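Undergrad: Okay, here's the structure, questions in a sec.
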DNA sequence: CGCACAATTCAACACATGATGAAAAACATC
DNA sequence: GATGTTTTTCATCATGTGTTGAATTGTGCG
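Protein chains in written order, with my numbering: chain P, 150 to 346; chain C, 150 to 346.
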């Protein structure tokens with residue numbers, strides 16, 4: 150490892166800012182907000198910690214930047230909701246797997262998920278994100294009784310995300326996507342449209 | 150608040166150790182391992198931080214003590230597995246809700262869950278607890294193909310626990326237990342014994 | 001009553017963290 | 001070439017964290 154002992158700008162046009170952001174996303178996704186230190190992010194990006202502050206400001210600001218996901222949830226969900234409730238279970242699952250399996254998107258999603266699960270950033274993300282962003286989308290694909298069905302759908306989706314991506318339990322993480330869709334699709338469909346007590 | 154400015158033992162027989170342990174459990178369950186400081190636990194228990202060390206040793210030791218749950222998982226699961234796979238979905242769900250809704254047990258469970266979800270304590274708890282403790286129990290109530298069914302059951306249970314207790318989404322947290330059992334029981338049963346692709 | 005032991009606080013330490021500001025190097029423009 | 005701007009590191013600060021050890025107080029026993 151070459152020691153960078155000299156102050157001042159590095160030669161060339163390195164995109165150091167992007168490297169810092171990527172390192173931050175990975176760390177927030179792995180260790181959560183509190184488990185992520187500015188120094189560890191800087192070390193992973195190969196820069197001095199002061200540079201992290203230079204580019205992103207406070208740790209909170211870095212976190213907010215890390216949560217910006219290069220995909221519009223509405224675009225992702227558009228094909229899911231387009232054809233109404235019938236078959237929506239499978240379409241929802243495929244859309245979810247699509248974004249979670251995209252290496253450009255997953256780090257940010259992981260950072261968000263870890264934050265929600267860890268209560269790192271306080272209840273604001275939790276109380277704002279899920280009811281405001283997720284709820285209205287799901288409401289378009291339930292047959293009826295959204296107040297009963299949506300929490301059930303959400304519980305299975307949360308379980309899937311946690312087991313497959315966040316905690317990454319081997320049996321779940323390694324289940325082929327097609328098998329997963331075939332096995333969990335009917336369950337989501339049941340929650341969306343099936344007979345519900 | 151009376152200031153305790155004097156060194157030395159307090160009069161009477163206060164169970165300070167238990168107060169510290171309860172405060173620790175609550176904090177670990179709410180904020181995870183990293184979010185919990187010795188000083189905050191001591192403050193919540195109304196003692197000096199050194200007393201936390203006196204009773205429990207290191208922070209890690211305190212954590213381990215907080216994870217000790219006053220219930221044997223095997224006793225909880227015995228009635229679930231006694232009658233085999235038929236009807237096991239509902240029995241499993243009732244057993245789960247039983248322990249999670251028990252105020253003597255929930256704090257420790259929350260501390261454990263938060264730790265698993267937050268990756269606070271490293272992968273050891275995750276890799277040891279779920280496959281070793283949970284897997285063999287579930288294996289007794291699946292009809293066949295445990296390697297396929299158990300992850301699905303686990304995903305729904307994880308989703309339930311997270312949505313209802315850990316993140317405590319209102320719609321899920323407030324769903325009456327009987328409604329929940331009636332709606333999710335059949336899904337768990339399907340994962341355990343139903344037709345699976 | 002004296003003593004040993006347990007419980008409790010005070011004081012302090014080493015280290016880690018987020019953050020700030022100045023110095024230095026590279027680059028672009030005139 | 002000189003200057004202004006951007007990028008980068010070094011040095012440092014204030015604060016917080018887990019932890020240790022000594023001093024003090026209360027209790028139980030002989």
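Ideal Cβ placement from N, Cα and C applies to all residues, glycine included. The structure presented is a predicted model; accordingly, all values stated were derived computationally and were not measured.
Helix, strand or coil for residue 257 of chain C per DSSP?
TA: DSSP places residue 257 of chain C in helix when its eight states are reduced to three.
Undergrad: Hey, out of C:311, C:259 and C:332, whose CA is closest to residue 322 of chain C's CA?
TA: The shortest Cα separation from residue 322 of chain C among C:311, C:259 and C:332 belongs to C:311.
Undergrad: Interface residues of chain C around residue 290 of chain P at Cβ under 9 Å?
TA: Those within 9 Å of residue 290 of chain P in chain C number zero; the least Cβ separation is about 16 Å.
Undergrad: When you compare only the Cα positions, how much space is there between residue 174 of chain P and residue 233 of chain C?
TA: One C-alpha to the other measures close to 45 Å.
Undergrad: Distance, Cα to Cα, residue 179 of chain C vs residue 159 of chain P?
TA: Using only the alpha carbons, I get a separation of about 44 Å.
Undergrad: Return the CA-CA distance between residue 248 of chain C and residue 313 of chain C, expressed in angstroms with no decimal places.
TA: Straight-line Cα distance between these residues: approximately 13 Å.
Undergrad: Just confirm the distance between the C-beta atoms of residue 300 of chain C and residue 318 of chain P, as a whole number of angstroms; I'd bet it's less than 8 Å.
TA: That pair is a contact at about 7 Å.
Undergrad: Which runs of the alpha helix (DSSP H) at least 4 residues long sit entirely within the stretch 191-230 of chain P? Give them in chain order.
TA: List check, alpha helix (DSSP H) in window: 198-205 and 208-216.
Undergrad: Does the stretch 243-262 of chain C come close enough to the stretch 212-231 of chain C to have 3 or more Cβ pairs within less than 8 Å?
TA: They touch, by the three-pair rule.
Undergrad: Hey, out of P:258, P:254, P:162 and P:292, whose CA is closest to residue 238 of chain P's CA?
TA: Comparing Cα positions, the closest option is P:292.
Undergrad: If the criterion is Cβ atoms closer than 8 Å, does the pair residue 257 of chain P and residue 304 of chain C meet it?
TA: Result no, Cβ atoms of residue 257 of chain P and residue 304 of chain C do not sit closer than 8 Å.
Undergrad: With distances taken from CA atoms, which of C:241, C:205 and C:339 is nearest residue 227 of chain C?
TA: Among C:241, C:205 and C:339, the Cα nearest to that of residue 227 of chain C is on C:241.
Undergrad: Would residue 187 of chain P pass as an interface residue toward chain C - the criterion being a Cβ-Cβ separation below 8 Å?
TA: No, no contact with chain C.
Undergrad: Need the endpoints of the alpha helix (DSSP H) that residue 323 of chain C sits in, please.
TA: First-last for residue 323 of chain C: undefined, no H or E at that position.
Undergrad: If you count every other CB in all the chains shown that lies within 10 Å of the CB of residue 176 of chain C, and 16 or more means buried, which is it?
TA: Per the 10 Å Cβ criterion, buried.
Undergrad: Look up residue 165 of chain C in the DSSP assignment and say whether it is helix, strand or coil.
TA: Helix, per DSSP.
Undergrad: Is residue 226 of chain P close to chain C, meaning its C-beta is less than 8 Å from at least one C-beta of that chain?
TA: Judged by the 8 Å Cβ criterion, residue 226 of chain P is not in contact with chain C.
Undergrad: Contact criterion: CB-CB distance below 8 Å. Does residue 328 of chain P meet it with respect to chain C?
TA: Output row for residue 328 of chain P: interface = yes.
Undergrad: Along the chain, where does the alpha helix (DSSP H) that runs through residue 242 of chain C open and close?
TA: Its alpha helix (DSSP H) spans residues 237-249.
Undergrad: Would you say residue 311 of chain P lies against chain C (beta-carbon separation less than 8 Å)?
TA: Chain C contact via Cβ: present.
Undergrad: Of all the options P:168, P:211, P:254 and P:207, which has the alpha carbon lying nearest to the alpha carbon of residue 196 of chain P?
TA: Selected option, being the one with the closest Cα: P:168.
Undergrad: If you count every other CB in all the chains shown that lies within 10 Å of the CB of residue 184 of chain C, and 16 or more means buried, which is it?
TA: Answer is buried; the Cβ neighbour count reaches 16.
Undergrad: Taking 8 Å as the limit between beta carbons, can you name the residues of its chain near residue 188 of chain C, skipping five residues before and five after?
TA: So the list reads 198, once near-sequence residues are dropped.
Undergrad: Give the C-beta separation of residue 262 of chain P and residue 302 of chain P to the nearest angstrom, bearing in mind that I take them to be a contact with Cβ-Cβ under 8 Å.
TA: Contact flag wrong, Cβ pair sits at about 17 Å.
Undergrad: Ignore the nearest five residues each way along the sequence and tell me which others in residue 267 of chain P's own chain have a CB closer than 8 Å to its CB.
TA: Cβ neighbours of residue 267 of chain P beyond the five flanking positions: 181, 182 and 183.
Undergrad: Let me confirm a value: residue 155 of chain P is counted as buried when at least 16 other C-beta atoms fall within 10 Å, else exposed. Which label applies?
TA: Burial call: exposed.
Undergrad: Taking the alpha helix (DSSP H) that residue 289 of chain C belongs to, which residues open and close that run?
TA: That residue, residue 289 of chain C, is in no alpha helix (DSSP H); it is neither H nor E in DSSP.
Undergrad: Using only alpha-carbon positions, find the residue among P:320, P:341, P:346 and P:336 that is nearest to residue 328 of chain C.
TA: Minimum Cα distance to residue 328 of chain C is reached at P:346.
Undergrad: Taking DSSP as the reference, what is the three-state secondary structure of residue 303 of chain P?
TA: DSSP places residue 303 of chain P in helix when its eight states are reduced to three.
Undergrad: Just the chain C side, please: which residues come within less than 9 Å of residue 371 of chain P by C-beta, in chain order?
TA: Missing from the structure shown is residue 371 of chain P; chain P here goes from 150 to 346 and no further.
Undergrad: List the residues of chain P whose Cβ lies closer than 7 Å to the Cβ of residue 296 of chain C, in chain order.
TA: What residue 296 of chain C touches in chain P: 320.
Undergrad: What residue from P:253, P:225, P:255 and P:235 has the CA that sits closest to residue 243 of chain P's CA?
TA: Comparing Cα-Cα distances from residue 243 of chain P to each of P:253, P:225, P:255 and P:235, the minimum goes to P:225.
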